[in-house]
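*Asks:* Provided herewith is a single structure, encoded as structure tokens, for subsequent inquiry.
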Amino acid sequence: MIPMFPLESSPLPGEVLPLRIFEPRYSQLVSDCLTMPDPSFGVVLITQGREVGGGDTRSSVGALAHITECVDEGDGRYSLRAVIGGRIRVRDWLPDDPYPRASIDVWPDEPGPEVGAEKIGHVVDLILALYQRVADGQGRRLRSDALAVDAAVAEDPALHLYALAARVPLGQADRHAVLAAPTLSERVDVLIDAIETVAAMVEFQLSED
Numbered sequence: 007m008i009p010m011f012p013l014e015s016s017p018l019p020g021e022v023l024p025l026r027i028f029e030p031r032y033s034q035l036v037s038d039c040l041t042m043p044d045p046s047f048g049v050v051l052i053t054q055g056r057e058v059g060g061g062d063t064r065s066s067v068g069a070l071a072h073i074t075e076c077v078d079e080g081d082g083r084y085s086l087r088a089v090i091g092g093r094i095r096v097r098d099w100l101p102d103d104p105y106p107r108a109s110i111d112v113w114p115d116e117p118g119p120e121v122g123a124e125k126i127g128h129v130v131d132l133i134l135a136l137y138q139r140v141a142d143g144q145g146r147r148l149r150s151d152a153l154a155v156d157a158a159v160a161e162d163p164a165l166h167l168y169a170l171a172a173r174v175p176l177g178q179a180d181r182h183a184v185l186a187a188p189t190l191s192e193r194v195d196v197l198i199d200a201i202e203t204v205a206a207m208v209e210f211q212l213s214e215d
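Residue numbers (this note's numbering): 7 to 215.
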């Protein structure tokens, strides 16, 4: 059982999640997390409704968020930063007492076709083409290092794909679809479809200007 923080966004592994906490139950969540050897909680996307006031529908796929910085501002208020780690799947939701909690399984990528440099390079090319189209439309020059990542990220196809997805203005449903793809190969396909959708929207918007 771990504390859970439903969100109206879908953070991806490797991203930094800043949060300002003031609601009493989530203040308790943070306080409890800070007593753990690894202060962490689960994050999932709210797929319908709003978390405030209850009645929300929560995704069963999310990720772990590891608290790396936390400032106690007093009166139950916290300012924190968390790094998004590995994927999780929710087995069971427990009563929200005093905050959301769930039984979870860590969910690494499932076995599938290999994703090598060529496939990732294709994703990079699509994103660069999208960036270039936007830059041309705005009369700007595209930076040569627009998609640069740390060497450790570049050497890990899973992290590299998440990092690339984070550089594209995807809607939350598409971000969640990227996260929830069972295999790396399926994640490539989902991300390519999402990039092409964004590219079509950009093309439409630029043609209207």
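Just so it is clear, CB atoms sit at the ideal spot from N, CA and C, and this is done for glycine as well.
Could you confirm whether any beta carbon from chain D is found closer than 8 Å to the beta carbon of D151?
*Replies:* Protein chains in the displayed structure number just one, and chain D is not present.
*Asks:* Name the two residues that bound the continuous alpha helix (DSSP H) containing Y105.
*Replies:* Unbroken run through Y105: none, as it is neither H nor E.
*Asks:* Considering just the uninterrupted stretch of the alpha helix (DSSP H) at G48, what are its terminal residues?
*Replies:* From DSSP, G48 is part of no alpha helix (DSSP H) but of the beta strand (DSSP E) over S46 to Q54.
*Asks:* Rounding to the nearest angstrom, what Cα-Cα distance links G122 and P30 in this structure?
*Replies:* 46 Å
*Asks:* Is it buried or exposed, P106, if we count other Cβ atoms within 10 angstroms and call 16 or more buried?
*Replies:* buried
*Asks:* So, with DSSP's three-state summary, where would you put L167?
*Replies:* helix
*Asks:* Is the separation between the beta-carbon of Q34 and that of P101 shorter than 8 Å?
*Replies:* no
*Asks:* Work out the CA separation of I198 and D151 for me, nearest whole Å.
*Replies:* 21 Å
*Asks:* Out of curiosity, what's the CA-to-CA distance linking A206 and A141?
*Replies:* 15 Å
*Asks:* From R93 to L132, what distance separates their C-alpha atoms?
*Replies:* So the alpha carbons of these two residues sit roughly 26 Å apart.
*Asks:* For R83, which beta-bridge partners are listed by DSSP?
*Replies:* According to DSSP, R83 bridges with G80.
*Asks:* Taking only runs of the alpha helix (DSSP H) that begin and end inside the stretch 108-164, which ones reach a length of at least 4 residues, in chain order?
*Replies:* 123-144 and 157-160
*Asks:* Near M10, which residues of its chain fall below 7 Å by C-beta distance, leaving aside the five closest residues on each side in sequence?
*Replies:* F47, G48, V50, P106, R107 and A108
*Asks:* Which class does E75 belong to by DSSP, given the choice of helix, strand or coil?
*Replies:* strand
*Asks:* Is the stretch 73-86 touching the stretch 35-45 in the sense that three or more CB pairs, one from each, lie closer than 8 Å?
*Replies:* yes
*Asks:* With DSSP as the reference, label A187 as helix, strand or coil.
*Replies:* coil
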